[in-house]
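Chains as they are written, first to last, in numbering that gives the first Met the number 0: chain A, 0 to 417; chain B, 0 to 89.
Where a beta carbon is used, it is the ideal one built from N, C-alpha and C, also for glycine.
Presented below is the structure to which this report refers.
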Amino acid sequence: MSSRFSIFHLARNALSGHAGWAKQWRSAEPKPAYDVVIVGGGGHGLATAYYLAKEHGLANVAVLEKGWIGGGNTGRNTTIIRSNYLYDESVRLYDHALKLWEGLSQALNYNVMFSARGVMMLAHNKHDVQSLKRHIYANRLNGVDNEWLTPAEARAFCPPLAINPDARYPVLGAALQRRAGVARHDAVAWGYARAASALGVDIVQNCEVLEIRTDNSGAVERVVTTRGTIRTQKVGVVAAGHTSVVMSRAGLRMPLESFPLQALVSEPVKPVFPCVVMSNTVHAYISQSDKGELVIGAGTDQYVSYSQMGGLHITTHTLEAICELFPMFTRLRMLRNWGGIVDVTPDRSPIIGKTPVQGLYVNCGWGTGGFKATPGSGHVFAHTIANDAPHPINAPFTLERFQTGRLIDEAAAAAVAH
Amino acid sequence: MLLIDCPYCGPRPEIEFRAGGEAHIARPEDPALLDDRRWAEYLFFRTNPKGLHTERWLHAHGCQRWFNALRDTVTDRIQRTYRIGEPRPE
Chain A
0 MSSRFSIFHL
10 ARNALSGHAG
20 WAKQWRSAEP
30 KPAYDVVIVG
40 GGGHGLATAY
50 YLAKEHGLAN
60 VAVLEKGWIG
70 GGNTGRNTTI
80 IRSNYLYDES
90 VRLYDHALKL
100 WEGLSQALNY
110 NVMFSARGVM
120 MLAHNKHDVQ
130 SLKRHIYANR
140 LNGVDNEWLT
150 PAEARAFCPP
160 LAINPDARYP
170 VLGAALQRRA
180 GVARHDAVAW
190 GYARAASALG
200 VDIVQNCEVL
210 EIRTDNSGAV
220 ERVVTTRGTI
230 RTQKVGVVAA
240 GHTSVVMSRA
250 GLRMPLESFP
260 LQALVSEPVK
270 PVFPCVVMSN
280 TVHAYISQSD
290 KGELVIGAGT
300 DQYVSYSQMG
310 GLHITTHTLE
320 AICELFPMFT
330 RLRMLRNWGG
340 IVDVTPDRSP
350 IIGKTPVQGL
360 YVNCGWGTGG
370 FKATPGSGHV
380 FAHTIANDAP
390 HPINAPFTLE
400 RFQTGRLIDE
410 AAAAAVAH
Chain B
0 MLLIDCPYCG
10 PRPEIEFRAG
20 GEAHIARPED
30 PALLDDRRWA
40 EYLFFRTNPK
50 GLHTERWLHA
60 HGCQRWFNAL
70 RDTVTDRIQR
80 TYRIGEPRPE
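If you want it as structure tokens, here you go:
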């Protein structure tokens, strides 16, 4: 197993020609039984397993991943982290995550490259100005930083931004959350996997769950997988776009629809873009990775799909917006584009909690913005599974809210039109 | 971009259409008779299948008529389109 990373550890490996680096986590064979089985080895699932082991003393835990860890939306998103949501419930959840992000590299002893470089959301019309200011005031009442910038201040914060008042969609101002930023998405999966594995969690790849079986009383008893049957009394489903598929294997229907969401990166260039910029109205969001690629997020397709592709007209639309906002990028070449499958709830807020089946828990519905919540999501979901009761932060995010009508309608705060 | 065969206008590019979600979900005859669970089931719960999906489409920038399609959500290939009121294809 790997040892603790430190300057001495780095120096020792550098002087020995980097031949001594050990594998960072164990790829385990499934055992016949576990206390908890997590279905889905993305960031949220691995974080859940880590916090189960770290904070609740449950180390007899397996993470079952159909493909490879971090190969789904964890490895496909645009890595934006922010907590400037409108409603109290959402702010509590996303700011809980943001606070965990701030200390995550130290907590995991793994550099997730969290960079609080600021997320700036642009206003292009009167409605945007009113909506963003409403968010700023709501955020401040909740103790979350968010401030209004004039067009000149927005350009000073992000020099590539065009603020020509004659533009088709002129920049009328911006909301800036300085604590927001980006992180290295793969490192989040690997860091949580390494830390969870070190605490005894089994990470089982190439293991698809085919069936979730219950006993005579209706409680979870075992999961049938492509790598054998595993006995367990607690199953946490964290399967993102495939949640409906996995839950149907326990006989449950979900208030979810899955859509392709696309992103793309440019060829790498020197540092030119200091922050994250998002625009709901012209629909574009962009940042620059430490490798130098511009990371650009496009929208969802309009139809349910599991194809991990999506239409080219969606990305074209976003690139047109990027070129208008940042004319210096018009001659930049795009390197590659891809799609991930996002599970969207009717109110655009996640579902984190219990289900009608005893021992079956679900963490889903993150839609187009789940990456930012990874540490907080895993933290409160682990609490929910360990105690068979929600953490106060995720208590409002129940599956029952679609029956009671107590929705958390965050469509306005989500950056992606859907 | 999908090429969608409108039953009234023939094949047209997807940007002329608006997706309308899962098809064959009948509005309950008397909503007041339903309990919360069944009303939520009607309003919010969806099959969301990985495979064949029956779905509604509106030819918004064409004939402006609604119709249904049977599409594979893995390949996005539309197997057939049919008019509202026709039964779900087997």
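Specify the secondary structure class of residue i as computed by DSSP and reduced to three states.
i: N12 (chain A); result: helix
i: D342 (chain A); result: strand
i: A115 (chain A); result: coil
i: H417 (chain A); result: Bear in mind that the predicted position of H417 (chain A) carries a pLDDT of just 40, short of 50, making it too unreliable to give a figure here.
i: E88 (chain A); result: helix
i: I77 (chain B); result: strand
i: L99 (chain A); result: helix
i: S243 (chain A); result: helix
i: F272 (chain A); result: coil
i: R133 (chain A); result: helix
i: W65 (chain B); result: strand
i: R221 (chain A); result: strand
i: N138 (chain A); result: helix
i: P10 (chain B); result: strand
i: F91 (chain B); result: Given a span of 0 to 89 for chain B in the structure shown, any question on residue 91 (chain B) remains unanswerable.
i: Q402 (chain A); result: helix
i: V187 (chain A); result: helix
i: G42 (chain A); result: helix
i: M120 (chain A); result: strand
Tell me, please, whether the CB atom of residue i is closer than 8 Å to any CB atom in chain B?
i: R252 (chain A); result: yes
i: L331 (chain A); result: no
i: E64 (chain A); result: no
i: H417 (chain A); result: Here H417 (chain A) scores only 40 on pLDDT, less than 50, and its place in the model is too uncertain to base an answer on.
i: P159 (chain A); result: no
i: E256 (chain A); result: yes
i: P345 (chain A); result: yes
i: F396 (chain A); result: no
i: V244 (chain A); result: yes
i: T314 (chain A); result: no
i: T403 (chain A); result: yes
Starting from the Cα of residue i, find the closest Cα among the options and give me that residue.
i: G310 (chain A); options: B:Q78, B:R79 and B:T74; result: B:T74
i: H23 (chain B); options: B:F16, B:I3 and B:R55; result: B:R55
i: A239 (chain A); options: A:C363, A:L9 and A:A106; result: A:C363
i: V341 (chain A); options: A:L97, A:T73 and A:A10; result: A:T73
i: D144 (chain A); options: A:G190, A:A195, A:R193 and A:L85; result: A:L85
i: L1 (chain B); options: B:E13, B:Y7 and B:G9; result: B:E13
i: W100 (chain A); options: A:I384, A:H241, A:A372 and A:N393; result: A:A372
i: A192 (chain A); options: A:L251, A:L406 and A:G41; result: A:G41
i: T46 (chain B); options: A:H241, A:V281 and A:E266; result: A:H241
i: V208 (chain A); options: A:S82, A:H55, A:A194 and A:R221; result: A:R221
i: C206 (chain A); options: A:E319, A:P254 and A:T225; result: A:T225
i: S219 (chain A); options: A:P29, A:K22, A:A27 and A:I37; result: At residue 219 (chain A) the sequence reads Val, which differs from the Ser that was named. Nearest option by C-alpha distance: A:I37.
i: Y136 (chain A); options: A:V276, A:V275 and A:L175; result: A:L175
Using a Cβ cut-off of 8 Å (strictly closer), state whether residue i contacts chain A.
i: I14 (chain B); result: yes
i: D35 (chain B); result: yes
i: T80 (chain B); result: no
i: A59 (chain B); result: no
i: D75 (chain B); result: yes
i: A18 (chain B); result: yes
Please confirm if residue i has its CB atom under 8 Å from at least one CB of chain E.
i: R64 (chain B); result: The chain inventory of the structure shown lacks chain E, comprising the protein chains A and B.
May I have the straight-line CA-CA distance separating residue i from residue j, to the nearest angstrom?
i: V268 (chain A); j: R332 (chain A); result: 10 Å
i: H417 (chain A); j: Q301 (chain A); result: With a pLDDT of 40 at H417 (chain A), under the threshold of 50, the modelled position of that residue is not reliable, and no figure is offered here.
i: G61 (chain B); j: A25 (chain B); result: 26 Å
i: L51 (chain B); j: V237 (chain A); result: 24 Å
i: A388 (chain A); j: I350 (chain A); result: 14 Å
i: I211 (chain A); j: N141 (chain A); result: 40 Å
i: F16 (chain B); j: S278 (chain A); result: 25 Å
i: V356 (chain A); j: K233 (chain A); result: 10 Å
i: A197 (chain A); j: W24 (chain A); result: 7 Å
i: S247 (chain A); j: A173 (chain A); result: 43 Å
i: Q105 (chain A); j: V379 (chain A); result: 20 Å
i: A283 (chain A); j: S265 (chain A); result: 14 Å
i: P306 (chain A); j: T213 (chain A); result: Checking the sequence, you will find Ser at residue 306 (chain A) rather than Pro. Those two C-alpha atoms are separated by around 31 Å.
i: P345 (chain A); j: E21 (chain B); result: 13 Å
i: L57 (chain A); j: D34 (chain A); result: 7 Å
i: M235 (chain A); j: G369 (chain A); result: A small correction: the amino acid at residue 235 (chain A) is Gly; Met does not occupy that position in the sequence shown. In a straight line, the C-alpha of G235 (chain A) is about 17 Å away from that of G369 (chain A).
i: W337 (chain A); j: N76 (chain A); result: 10 Å
i: I285 (chain A); j: R37 (chain B); result: 42 Å
i: P159 (chain A); j: P259 (chain A); result: 29 Å
Is residue i near the ligand GDP, judged by its Cβ being under 7 Å from some heavy atom?
i: T228 (chain A); result: The ligand GDP is not part of the structure shown, which contains no ligands of any sort.
### Query
Taking a cut of 7 Å between CB atoms, which residues from the region 288-311 of chain A lie near chain B?
Q301, Y302, V303, S304, Y305, S306, G310 and L311
### Task
Please name the residues in the region 38-54 of chain B whose beta-carbon is closer than 9 Å to at least one beta-carbon of chain A, in chain order.
W38, A39, E40, L42, F43, F44, R45, T46, N47, P48, K49, G50, H52 and E54
### Query
If contact means a Cβ-Cβ distance below 7 Å, which residues of the region 193-220 of chain A contact chain B?
none
### Task
Pull out every residue of the region 348-370 of chain A whose Cβ sits closer than 9 Å to any Cβ of chain B, in chain order.
none
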